[in-house]
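Engineer: If you read the sequences in order, they're chains A and B.
Start counting the first sequence at 1; every next residue gets the next number (this note's numbering).
Start counting the second sequence at 1; every next residue gets the next number (this note's numbering).
One structure, pasted below without further comment.
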Amino acid sequence: MARNVSMKTKEIPAADLDGDFVAEPRAQVVGVEVDGESVLLLEGTRELHALNGVGTVIWGLFDGSSTLDEIVADLSEAFQTDPEVVRNDVLELARLLGRAGLLVGVAREEPPPAPTSPQGLAPGTEVPAFRFPALDGKALGLEDLRGSRFLLVNWSPRCGFCSRIAPELAELAPGLKQHDVRFVFLTIGEAEENRELLESHGLDCTLLFQDGGQAEVFEGLGTPAAYLVDEAGKVASELALGADQVPVLVRKAAGLRRRRQGQGKGRRVS
Amino acid sequence: MSPDELERVRWKGEATYRVLSYYFGVRWNSAPIGDYVRSVLEPFAVPPDPREQRNPPTPGTPPTYFLVDRRVSDGARYRLLYGDDRAFATMIQSPQRADILQHLFWNINSESTRRTGDLLLIHAGAVLTPAGDGLLLPAPSGSGKTTLVAGLVRQGFGYLSDEAGAIDPVTGRLHPYPKALALKGAPSELFPELKAGNGRRDLLPGIWHVRAQDIRPGSVGGPSEVRFVVAPRYRRGARTELSSMSRAAGVVELGDNTMNLLFYRSRALTLLARVVARARCYRLEFGDLVEGVQAIERLTRGRPR
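Structural data, given as structure tokens:
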């Protein structure tokens, strides 16, 4: 039986896993079995993963000593199943769980941004009213913002995607100002963590704390998400959702063309 | 606002409350504000408890919310302060009374869930079937939990919460957190029987605070075993569809909505598995309240005890 091959110090991408890989659950993974199916949790995160019956059996064979090919051979023999079918299942599961950070030696990948919602408000729609406290405690609402154009951003200092785009938004802020557009962030969390994130990137914005529940305009949507809002308080753009789309909307509002692929910090912008 | 100014405020009333594990006081100098606060927080009113007052985090007095209505020149007539008589901070000031009330209820909800470590809290509607079984409706905001809960209570289900399913980690039982239901949107079409002043509180624009007993007297229920997990999703125009899911998928639905998952860590999984062990798990998509309620009524009717 092959020994664990992970003598190397660098973690490998999940996509590179092959039949020689020796899968071993990370020590931080905890699980529970219910009716022959499993639920796994990487401790310290909120990410839960459900495995069906077959997945549960395969997971149980990730013992840190057998290669994936050896597991495939055992399963094919035990269930009298085509090895190629089993191999696809085993590799797919190993890559899925590796990507989720559950396997030793496999680089954890951030989950993809939320898909574009088909239910975004159509341009020309009135933005649903909101009124929230700003950093100084004074309440500010849509009514107070009428007469100015602004980018209304659904924001969270605890969101990795928000942190990722913060420098780019800060870079675009002067361009926005030239076009009389400002940032209005509807955020969550404590004042201090918000201030810290914004100040560390020099990002200047009006920060409103979504108290009493999420603002209706972003109800059911994740962060980051954004609309351009016009002087009349109406939606002036399609909904931008996720770390790729929001900077694109901001660049557009700042009168800039889309960033070419590969330009800037090497991050791909569609 | 300075401590001297706060000392000069003529208070019209005060009360102490315990919401889950959060013990606090509220003080006000305006009768309409006091009436509103009293009515919304009524299920949680407790007498002042000197023993609690000696407990951390605020030795001496319980943390107190001060609701101040004071005409001033800068336009911020209403203020919400938080602390005790000696040390306090302004949470929000606004020309709108609704702003300070909205912030008060949001903060109480957020603090009570944050400070409650002795119960596993699941973001869910929670009701009792007419047979006395616990039914959890785990879902994020905007999924139609509150409306569905109100509809079920009207039809004879017991009310436990429109916000959180509170699970005792020792017994695994579901406990009530019977806050006033916060109905949003256009509830007058769905609940025409709720008249202003008769169970309905209208100080906040776009939100009705409604006590469960005003939807149906005697509707607040007690602790129970969870026998049903139904993950609801409201989608305008959707056909009502109830589909079963495995108990493992039920654990994921509950875990995704567990507020203090990071506090309970691996223990949460064991506990959630125990919660679903005797439950049947479903997903409910609905576009119409009456149909959604009927689907749950059909599901839970006649379950053998």
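Idealized CB from N, CA, C, for every residue including glycine.
Can you tell which of A:Phe-132, A:Phe-150 and A:Asp-74 has its C-alpha closest to the C-alpha of Gln-93 (chain B)?
Structural biologist: Nearest C-alpha to Gln-93 (chain B): A:Phe-132.
Engineer: Using 8 Å for Cβ pairs, my map puts Glu-225 (chain B) next to Asp-133 (chain B). What's the rounded Cβ distance?
Structural biologist: Their Cβ separation, rounded to whole angstroms, is 7 Å, which keeps Glu-225 (chain B) and Asp-133 (chain B) in contact under 8 Å.
Engineer: Name, please, each residue of chain A whose Cβ falls closer than 7 Å to the Cβ of Ile-92 (chain B).
Structural biologist: Here the neighbours are Pro-133, Gly-137 and Ala-139.
Engineer: Distance cutoff 8 Å, beta carbons only. Does Glu-43 (chain A) sit that close to anything in chain B?
Structural biologist: Yes, because at least one Cβ of chain B sits closer than 8 Å to the Cβ of Glu-43 (chain A).
Engineer: Which residues, taken in chain order from the stretch 12–33 of chain A, show a beta carbon closer than 9 Å to some beta carbon of chain B?
Structural biologist: The residues in question are Val-30, Gly-31, Val-32 and Glu-33.
Engineer: Could you tell me which residues DSSP pairs with Val-29 (chain A) in its beta bridges?
Structural biologist: According to DSSP, which records beta bridges pairwise, Val-29 (chain A) is partnered with A:Leu-42.
Engineer: Please go through the same chain and pick out, in chain order, the residues whose beta-carbon is closer than 6 Å to the beta-carbon of Ser-161 (chain B), but skip the five residues on each side of it.
Structural biologist: Within the same chain, Ser-161 (chain B) has close Cβ partners Ala-126 and Tyr-177.
Engineer: When the cut-off is 8 Å and only beta carbons count, does Ala-236 (chain A) lie next to chain B?
Structural biologist: Closer than 8 Å: no.
Engineer: Runs of 4 residues minimum, wholly inside the stretch 6–93 of chain B: which ones carry the alpha helix (DSSP H) assignment?
Structural biologist: Here the runs fully enclosed are 31–41 and 50–53.
Engineer: Which residue comes first and which comes last in the alpha helix (DSSP H) that contains Gly-255 (chain B)?
Structural biologist: 247–256 is the span of the alpha helix (DSSP H), which, as asked, contains Gly-255 (chain B).
Engineer: So who's on the other strand from Glu-126 (chain A), going by DSSP bridges?
Structural biologist: DSSP, once it has assigned bridges, lists A:Lys-234 as partnering Glu-126 (chain A).
Engineer: Taking 8 Å as the CB-CB limit, is Gly-287 (chain B) close to chain A?
Structural biologist: Gly-287 (chain B) does not count as touching chain A.
Engineer: Spatial neighbours of Gly-120 (chain A) within its chain, please: C-beta separation below 6 Å, excluding the five flanking residues on both sides.
Structural biologist: Only Leu-239 meet the Cβ criterion.
Engineer: What number of angstroms, rounded off, separates the C-alpha of Phe-157 (chain B) from the C-alpha of Glu-5 (chain B)?
Structural biologist: For Phe-157 (chain B) and Glu-5 (chain B), the distance between alpha carbons rounds to 48 Å.
Engineer: On the three-state DSSP scale, how would you describe Met-1 (chain A)?
Structural biologist: Caution applies to Met-1 (chain A), whose pLDDT of 39 falls short of 50 and renders its modelled position unreliable; the model cannot decide the point.
Engineer: Using a beta-carbon distance below 8 Å, is Ala-139 (chain B) in contact with chain A?
Structural biologist: Not closer than 8 Å to any Cβ of chain A, the Cβ of Ala-139 (chain B) fails to qualify, so no.
Engineer: Helix or strand or just coil, what does DSSP make of Glu-192 (chain A)?
Structural biologist: Correct three-state label for Glu-192 (chain A): helix.
Engineer: State the beta-bridge partners of Glu-37 (chain A) as determined by DSSP.
Structural biologist: DSSP, once it has assigned bridges, lists A:Val-34 as partnering Glu-37 (chain A).
Engineer: My output table needs one value for Asn-107 (chain B): the three-state DSSP class, helix, strand or coil.
Structural biologist: Here Asn-107 (chain B) sits in helix by DSSP.
Engineer: Give the list of continuous alpha helix (DSSP H) stretches no shorter than 4 residues that lie fully inside the stretch 138–170 of chain A.
Structural biologist: Here the runs fully enclosed are 142–145.
Engineer: Quick one: does Arg-273 (chain A) have its CB under 8 Å from some CB of chain B?
Structural biologist: The structure shown does not extend to residue 273 (chain A), since chain A spans only 1 to 270, so no value can be given for it.
Engineer: Whether or not the stretch 248–257 of chain A and the stretch 15–30 of chain B are in contact is what I'm after, with contact meaning three or more pairs of Cβ atoms, one per stretch, closer than 8 Å; do they touch?
Structural biologist: No, they do not touch.
Engineer: So which residues of chain B does Ser-38 (chain A) contact, with C-beta pairs closer than 9 Å?
Structural biologist: Neighbours of Ser-38 (chain A) on chain B, chain order: Ala-248.
Engineer: Hey, could you find the ends of the beta strand (DSSP E) Tyr-227 (chain A) is sitting in?
Structural biologist: 225–229 is the span of the beta strand (DSSP E), which, as asked, contains Tyr-227 (chain A).
Engineer: Going by DSSP, name the residue or residues bridged to Cys-281 (chain B).
Structural biologist: Paired residues: B:Val-229 and B:Met-245.
Engineer: Could you tell me whether the Cβ of Leu-120 (chain B) comes closer than 8 Å to any Cβ of chain A?
Structural biologist: By this cut-off, Leu-120 (chain B) is not an interface position.
Engineer: Closest to Arg-87 (chain A) by C-alpha separation, out of A:Val-104, A:Glu-24 and A:Leu-68, would be which residue?
Structural biologist: When each option's Cα is compared against that of Arg-87 (chain A), the closest is A:Leu-68.
Engineer: Tell me which residues share the same chain as Arg-278 (chain B) and place their Cβ nearer than 7 Å to its Cβ, disregarding the 5 neighbours each side in the sequence.
Structural biologist: If we look at Arg-278 (chain B) and ignore the five residues flanking it on each side, its Cβ neighbours are Glu-225 and Arg-227.
Engineer: I want to see whether chain A comes within less than 8 Å of Leu-135 (chain B), judged by CB atoms only; does it?
Structural biologist: Output row for Leu-135 (chain B): interface = no.
Engineer: Look at the Cβ atom of Asn-154 (chain A), then the Cβ atom of Thr-81 (chain A), and state whether they are nearer than 8 Å.
Structural biologist: No; because the gap between Cβ atoms is not below 8 Å, this pair is not in contact.
Engineer: Run down chain B in chain order and give the residues with a C-beta less than 8 Å from the C-beta of Ala-94 (chain A).
Structural biologist: Simply none; closest approach about 20 Å.
Engineer: Could you spell out the range, first to last residue, of the alpha helix (DSSP H) harbouring Ile-71 (chain A)?
Structural biologist: Counting along the chain, the alpha helix (DSSP H) containing Ile-71 (chain A) begins and ends at 68–79.
Engineer: For Val-217 (chain A), does the three-state DSSP call read helix, strand or coil?
Structural biologist: The answer is helix: DSSP assigns Val-217 (chain A) an H, G or I state.
Engineer: Return helix, strand or coil for Thr-240 (chain B), following the three-state DSSP convention.
Structural biologist: DSSP places Thr-240 (chain B) in coil when its eight states are reduced to three.
Engineer: Report the residue ranges of all alpha helix (DSSP H) runs contained in full by the stretch 114–187 of chain B; include only those spanning at least 4 residues, in chain order.
Structural biologist: Segments of the alpha helix (DSSP H) lying fully in the stretch 114–187 of chain B: 145–154.
Engineer: Which value, in whole angstroms, describes the spacing of the CA atoms of Tyr-159 (chain B) and Leu-121 (chain B)?
Structural biologist: Spanning the two alpha carbons is a distance of roughly 16 Å.
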